[in-house]
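Okay, structure first, notes after.
There are 2 protein chains.
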Amino acid sequence: MRWIRYTATGKTAYGIIDGDVIAEVKGDPFAGYEKTATQHALASVQIELPVATPPNFFCVGLNYAQHVRLAAKKLGIEAKMPENPDVGYRSNNALIAHGRDVIIPADATEKVQYEGELVAIIGKTCRNVAEADALKYVLGYTIGNDVSERTWQKADRTLWRAKNSDTFKPMGPWIDTSVDLDKLETRVRVNGQETTRFKTNDMIHGVALYISTISRYCTLHPGDVLWMGTDLFSPDLKHGDVVEIEITGLGTLSNRFVKASQA
Amino acid sequence: MRWIRYTATGKTAYGIIDGDVIAEVKGDPFAGYEKTATQHALASVQIELPVATPPNFFCVGLNYAQHVRLAAKKLGIEAKMPENPDVGYRSNNALIAHGRDVIIPADATEKVQYEGELVAIIGKTCRNVAEADALKYVLGYTIGNDVSERTWQKADRTLWRAKNSDTFKPMGPWIDTSVDLDKLETRVRVNGQETTRFKTNDMIHGVALYISTISRYCTLHPGDVLWMGTDLFSPDLKHGDVVEIEITGLGTLSNRFVKASQA
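Residue numbers (our numbering), protein chains in the order written: chain A, 822 to 1084; chain B, 822 to 1084.
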């Protein structure tokens, strides 16, 4: 089942995708919903963020072995695999939907890169859940692009503008509730050319372990998002580039990159 | 003027404090409000978080000279003052209101400490605002306790449970819209005994500079909170301790600490 949040004829709503058609619902997938008689062609709506303002925005930093090795190499340090699922954070101001432009700030360097990530969306409140039960609290999955300005990432004390500048967190296009994590492959294309491909579930620490571990200390809430990190590395992106992140069987998140001074 | 969010006779609302009385409003201080005829005695209501779920939760890490020196000493490194106002993040799951208990996790070490902080609450959307205009976008101020488990802070890769365990972020009791930042003094008491006192506005980088800098890259939204950091250091807190953070002229945030296994 696929949930989509969209705007059509001036109204933003949740709907369920069936082929090329959206069946509008009253309510939402978290607090409850009723089906309505309203339908829209999928191609005719404006796709919105699958969750407008997540209560908590969790994001895993280092979660794929090759990425850890390449990141260490760039920094000239020894690669060290994370021993524990210590989670980090991003900020909602940076979220944009599928199809919207990523605005590269005018003073950014040329080191602007994508990170294609699986995103788990929490469906039910959970606290202190066992790893074996953790996935029951996931409503479904979507795709995230953890856009990063690598010069700022090295220079600043925190990741604030390197990772959280406005528009740096595309997320979407929809929520798929029935994916088989082990079958997914993440493929990233820049202007139609494939630049990155990896097995989505080749994570150092998986979704279930992260949720279980976080929930020992932090209550997870409906609508919370958990971005699972990325593998490999991106080329530097420039004005006009279109980045498509496909997770096979889940969908494709596509956004154009636009340099602010040229927007 | 003081805004309070509270529950009385089963209903949660915003109100304006006038002496010992709350005048209930319809709406809120961000999107707009109308006064109502309903009144409550301030002492009779349950105080709630001044903002239930901030869209973005900014928190300054190192912003007072003495705190930077003491933190460096504890880590055995040289003290280095932050050159730029690089902001960090906390997570909404940890927020609790004035009067609620901070629950110390059962497996926490004895290194649980308070940090008394001024909190600026954004009232209006702002982007790319000059430092001279930045405070116009602040609705008002409240108080935060950035509770920290120092062992986890050193051991984990991120601050997730060290700073964001459930109940680790008391905030309140209300929003004061007319404070003079230069006149404020932060005083912390544990079980009635003063343990910390510093001039609230003796910050390395002030509220206006932080807002101006953040807003160059990140849009600030109504209800966003900006925690401004703390000075000096806290003693280790134990089961039963009551921590009161007073900012003179603004109010007092009071919370009891309870060890989970003994809750």
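Even for Gly, the Cβ is constructed at its ideal location relative to N, Cα and C.
Please read these numbers as outputs of a predicted model, since none were measured by experiment.
Residue pairing by DSSP places residue 878/B opposite 1046/B in a beta bridge. Inter-residue distance for residue 911/B and residue 918/B is about 16 Å (C-alpha atoms, whole angstroms). In the three-state reduction of the DSSP assignment, residue 854/B falls in the strand class, which pools E and B.
Taking a Cβ-Cβ cut-off of 9 Å, the neighbours of residue 910/B in chain A comprise 878, 909, 910, 911, 912, 979, 980, 981, 985, given in sequence order. For residue 903/A, the nearest beta carbon of chain B is closer than 9 Å to its own beta carbon. Shown here, residue 1008/A sits in a strand according to DSSP, grouped into three states.
Burial check for residue 945/B: the Cβ neighbour count within 10 Å stays below 16, so the residue is exposed.
Per DSSP, the unbroken beta strand (DSSP E) holding residue 966/B starts and ends at 959-966. The Cβ atoms of residue 943/B and residue 871/B do not sit closer than 9 Å to each other. Contact between the segment 923-939 of chain A and the segment 978-992 of chain A is present, with at least three C-beta pairs closer than 8 Å.
In the DSSP secondary-structure assignment, residue 989/B is not bridged to any residue. The three-state secondary structure of residue 1026/B, taken from DSSP, is coil.
Excluding its 5 nearest sequence neighbours in each direction, residue 902/B has C-beta neighbours in its own chain below 7 Å: 886, 889, 1025, listed in chain order.
In the displayed model, residue 834/A falls within a strand according to three-state DSSP. Within 10 angstroms of the beta-carbon of residue 934/B lie 16 or more other beta-carbons, which makes it buried. Chain A places no beta carbon closer than 9 Å to that of residue 925/B, leaving this residue out of the contacts. The C-alpha of residue 1055/B is placed about 11 Å away from the C-alpha of residue 892/B. Residue 881/B is a Cβ neighbour of residue 1048/B, given a cutoff of 9 Å. At a cut-off of 9 Å between beta carbons, residue 1038/B contacts chain A. With a threshold of 9 Å between beta carbons, residue 870/A makes no contact with chain B. Sequence-ordered contacts of the segment 936-963 of chain B with chain A read 948 [C-beta pairs closer than 9 Å]. Relative to residue 1021/A, the option among 1066/A, 834/A, 822/A whose CA is nearest is 1066/A. Contacts with chain B (Cβ-Cβ distance below 9 Å) from the segment 1035-1062 of chain A involve 1035, 1037, 1038, 1039, 1040, 1041, 1042, 1045, listed in chain order. Using a CB distance cut-off of 9 Å, residue 874/A counts as an interface residue toward chain B. Under the three-state reduction of DSSP output, residue 1037/A falls in the coil class, being neither helix nor strand. Residue 1000/B and residue 1070/B have their C-alpha atoms roughly 7 Å apart.
Residue 963/B is classed as buried because its beta carbon has at least 16 other beta carbons within 10 Å across all chains shown.
At least one CB of chain A lies nearer than 9 Å to the CB of residue 915/B. Under the DSSP assignment, residue 864/B falls outside any alpha helix (DSSP H); it carries neither an H nor an E label.
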